[in-house]
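Scroll down for the structure; my scribbles are underneath it.
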Amino acid sequence: MTKNVLNTDLTGKVCVVTGAGGAICGMFAEKLAAAGGKVAVLDLNEEAAKKVADSITAEGGIAKAYKANVLDRDNLEQVRQQILADFGPCDVLINGAGGNNPRATTDNEFHYEAKDIENCKTFFDLDKSGVEFVFSLNWLGTLLPTQVFAADMIDRNGNILNIASMNAYTPLTKIPAYSGAKSAIVNFTQWLATYFAKSGIRVNAIAPGFFVGNQNRGLLFNEDGTPTPRTGKILAGTPMGRFGELGKQGVLALLCDSTNVERPGFTPSEKTVGATFMRQFQNCDERIIVTTFASNVHRVQQVLDAAAKCGRKVAVTGRSMENMMKVSTELGYMKVPKNTLVDINKIKGLPKNKQVIVTTGSQGEEMSALYRMAFSTHKQVEIGAGDKVILSASAVPGNEVTVGRVINELFRKGATVIYDRADMLHVSGHACQEELKIIHALTKPRFFVPLHGEQRMLQIHCQLAQQMGMDRNHIAIGDNGSVIEITGKSMKIGGSVTAGEVYVDGSGVGDVGAVVMRDRKRLAEDGMVVVVLPIATQDGALLAPPEIITRGFIYVKESGDLMKELQSVAQDAAESVSRKRARDDGELRGTVKSAVSSYLFKNTKRSPMVIPVVTRL
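Going letter by letter, the sequence shown gives residues 8 to 624 in my numbering.
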């Protein structure tokens, strides 16, 4: 028996597969049987169906062929009764019957080519009956079997899988009827899933890419087996083929991103975000502020396009966003619609329903433009009631608290905040489970190292690799700095090296650590306060009131009262320290620092660096 690659036990389950005499669904039938299912192989071509069923039974599986016309409900009802008698009620239905027709296919890809093709069949020459046949075969050929066999699934945890096509999402030239019919299958699947949601039936669809079958072999390959020009275009637009070629050559080790390994299915197209922008921009009478990753050029492009279509001007704020737009525009990666971009200082003069501001700060960074808007420290933009703020990014693990803080502050200011949980405002740049499976299947690596993710993600990716047939001993999960030694026959974790952040300043590399950088940041934000304490060497007595020196904190000449109070707080704190052992300098500095810091934050809401200096005289 062939290997069960489904990792699912279907023992005793009755699986009905239409179009099972073909390449794709014939393979489905074989794998369902390998998982223990009792497979009803349905096809209009009885001979082809019998060939598949015989192959399954020869391998020890359970299968039987049935001649079935998916466009004839009476015939399907008869087949259903036969299956009930042979196997029992249907548990799994795969609607795979479908196809195209030459009468619904053009000879030319583009209309202008017609003049160069003799007796060319153009879009205007498509045969009505041919188009009707394609829609009937694909659409009714899914509807009717579902009507017949789903009746046995009600409240029995049945499963329906419809075979759509990638043409449903990216229509292929020459075949408008087929592309349209498969798009209808996608929509029908979504409808069915909703309709049967509380009836114990799951409904899904898959969208295969190009498979060579009897229907399309002549279209894709010449008689000598070489690819046709059309196949050449298909292969050129299928980069996954490159992974497959590497897999054939032999991949020693695969190192793969694990960020989205917890998410089932596939990562949606970036285009879905553009549709959301249009929906959010339309009929909005308030100012719109959008934040996203500055590196996501296409996301910003979609904001520009949506704004232009809705008659809005766009201003940009945030250093990284401004730099990104400048560079990507110069290199031709971004095209700014004419008369759309304006300076941030000028957009304030426009009506609110004509404004869009694109900003940094999607991760809640304290120095970002959006953070400064939320906390009223941005020089050009003040968030007001009614403003619509769109966060077109999900929080990177670890940033949830900072992002939540900004969102809360925006709500507090009366803004309407739209974020990922509320709408399709972000699609990940990372692969989900099914895409990761495809990469593993194509590359077939000897060794595997999961990368880029939390520990739980690395572990789950390890499990997924094992599900794809990898030996656990051929998988290494390392920590930052781990040394992974790989040879042609073995892999092991051997020792570690220093890893982490390396800070570079104007005069050295690595000699400035995190503590120094933290202090620099604090000094830049809130300045410093130095408290000089003159102490008698003999008895530790305070010889004079503390001297207060500030830099980058306040303008002393205009803050006389605060300086006097600060001096008094420092003196009281110093005198509260026991004079035993002539006062311990460490204890004295700690007490004064704590008291001064608390007073300053309470009265100014700022946290300057406080440096007590003990001078013994």
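Glycine included, C-beta positions come from ideal geometry on N, C-alpha and C.
All figures in this text were calculated on a predicted structure; none of them were measured in a lab.
Are residue i and residue j touching if we call contact CB-CB under 8 Å?
{"i": "Leu-168", "j": "Ile-213", "result": "yes"}
{"i": "Val-538", "j": "Val-617", "result": "yes"}
{"i": "Ser-401", "j": "His-447", "result": "no"}
{"i": "Phe-203", "j": "Gly-103", "result": "no"}
{"i": "Phe-625", "j": "Ala-313", "result": "This structure does not reach residue 625, given that the chain is present from 8 up to 624, and the question cannot be answered."}
{"i": "Asp-264", "j": "His-459", "result": "yes"}
{"i": "Ala-111", "j": "Gly-95", "result": "no"}
{"i": "Leu-573", "j": "Val-603", "result": "yes"}
{"i": "His-118", "j": "Asn-267", "result": "no"}
{"i": "Asn-480", "j": "Gly-507", "result": "no"}
{"i": "Asp-625", "j": "Val-21", "result": "The requested residue 625 does not occur in the structure, where the chain is confined to residues 8 to 624."}
{"i": "Gly-43", "j": "Leu-17", "result": "yes"}
{"i": "Val-536", "j": "Thr-557", "result": "yes"}
{"i": "Val-403", "j": "Gln-370", "result": "yes"}
{"i": "Met-464", "j": "Glu-269", "result": "yes"}
{"i": "Ala-260", "j": "Pro-452", "result": "yes"}
{"i": "Ile-493", "j": "Cys-469", "result": "no"}
{"i": "Val-280", "j": "Met-431", "result": "yes"}
{"i": "Arg-306", "j": "Ser-399", "result": "yes"}
{"i": "Val-311", "j": "Thr-347", "result": "The sequence given here places Leu at residue 311; Val does not occur at that position. Going by C-beta atoms, Leu-311 is nearer than 8 Å to Thr-347."}
{"i": "Ile-351", "j": "Gln-387", "result": "yes"}
{"i": "Gly-559", "j": "Leu-595", "result": "no"}
{"i": "Arg-319", "j": "Phe-300", "result": "no"}
Could you have a look at residue i and say whether DSSP puts it in helix, strand or coil?
{"i": "Asp-2", "result": "Because residue 2 is not part of the residues shown, which for the chain are 8 to 624, the question remains open."}
{"i": "Ser-566", "result": "coil"}
{"i": "Phe-608", "result": "helix"}
{"i": "Glu-582", "result": "helix"}
{"i": "Arg-270", "result": "coil"}
{"i": "Asp-264", "result": "strand"}
{"i": "Leu-7", "result": "Residue 7 lies beyond the residue range present for the chain, which begins at 8 and ends at 624; the question has no answer from this structure."}
{"i": "Arg-379", "result": "helix"}
{"i": "Met-160", "result": "coil"}
{"i": "Val-616", "result": "This sequence places Met at residue 616; Val is not what is there. It is a strand residue."}
{"i": "Ile-90", "result": "helix"}
{"i": "Gly-165", "result": "strand"}
{"i": "Val-403", "result": "coil"}
{"i": "Leu-144", "result": "helix"}
{"i": "Lys-496", "result": "coil"}
{"i": "Leu-259", "result": "coil"}
{"i": "Arg-588", "result": "For Arg-588, the predicted model reports a pLDDT of 49, less than 50, meaning its position is unreliable; a value from the coordinates is still stated below. Arg-588 falls in the helix class under three-state DSSP."}
{"i": "Gly-597", "result": "helix"}
{"i": "Leu-573", "result": "helix"}
{"i": "Val-504", "result": "coil"}
{"i": "Val-388", "result": "coil"}
{"i": "Glu-139", "result": "helix"}
{"i": "Lys-128", "result": "coil"}
{"i": "Phe-250", "result": "helix"}
{"i": "Pro-552", "result": "coil"}
{"i": "Met-524", "result": "helix"}
{"i": "Leu-540", "result": "strand"}
{"i": "Val-396", "result": "strand"}
{"i": "Val-603", "result": "helix"}
Since residue i contacts residue j with CB under 8 Å, what's their CB separation in whole angstroms?
{"i": "Val-621", "j": "Asp-579", "result": "Val-621 to Asp-579, Cβ: 16 Å. No contact."}
{"i": "Thr-25", "j": "Leu-49", "result": "5 Å"}
{"i": "Thr-423", "j": "Lys-444", "result": "About 39 Å; that fails the 8 Å criterion."}
{"i": "Leu-3", "j": "Arg-80", "result": "The chain is shown only over 8 to 624; residue 3 falls outside these bounds and no answer can be derived."}
{"i": "Phe-156", "j": "Val-59", "result": "With a Cβ gap of about 18 Å, Phe-156 and Val-59 do not count as contacting."}
{"i": "Tyr-73", "j": "Gln-89", "result": "6 Å"}
{"i": "Pro-541", "j": "Ala-577", "result": "The Cβ separation is near 12 Å, so there is no contact."}
{"i": "Thr-367", "j": "Leu-377", "result": "7 Å"}
{"i": "Val-141", "j": "Tyr-185", "result": "6 Å"}
{"i": "Ser-614", "j": "Asp-533", "result": "5 Å"}
{"i": "Leu-51", "j": "Asn-76", "result": "6 Å"}
{"i": "Gly-421", "j": "Gly-393", "result": "7 Å"}
{"i": "Leu-417", "j": "Ile-390", "result": "6 Å"}
{"i": "Ala-92", "j": "Gly-68", "result": "Contact flag wrong, Cβ pair sits at about 19 Å."}
Ordered list of beta strand (DSSP E) runs contained in the segment 29-86, each at least 3 residues: 45-50 and 69-74
Let me know the beta strand (DSSP E) ranges lying completely inside the segment 334-373, each 3 residues or longer, listed in chain order. 362-366
Which runs of the beta strand (DSSP E) spanning at least 3 residues fall entirely within the segment 409-474, listed in chain order? 423-425 and 454-458
Length at least 4, wholly inside the segment 267-336: the alpha helix (DSSP H) runs in chain order: The segment 267-336 contains these whole alpha helix (DSSP H) runs: 278-288 and 304-316.
Inter-stretch contact (C-beta, 8 Å, three-pair minimum) for the segment 189-199 and the segment 143-161: Contact holds: three or more Cβ-Cβ distances are below 8 Å.
Meets three-Cβ-pair contact criterion under 8 Å: the segment 199-212 and the segment 165-183: yes
Are there three or more Cβ pairs, one per stretch, closer than 8 Å when the segment 407-419 is compared with the segment 248-258? no
Looking at C-beta atoms only, is the number of pairs between the segment 353-366 and the segment 293-307 that lie closer than 8 Å three or more? yes
4-residue-minimum alpha helix (DSSP H) runs that sit fully inside the segment 179-207, ordered along the chain: 183-202
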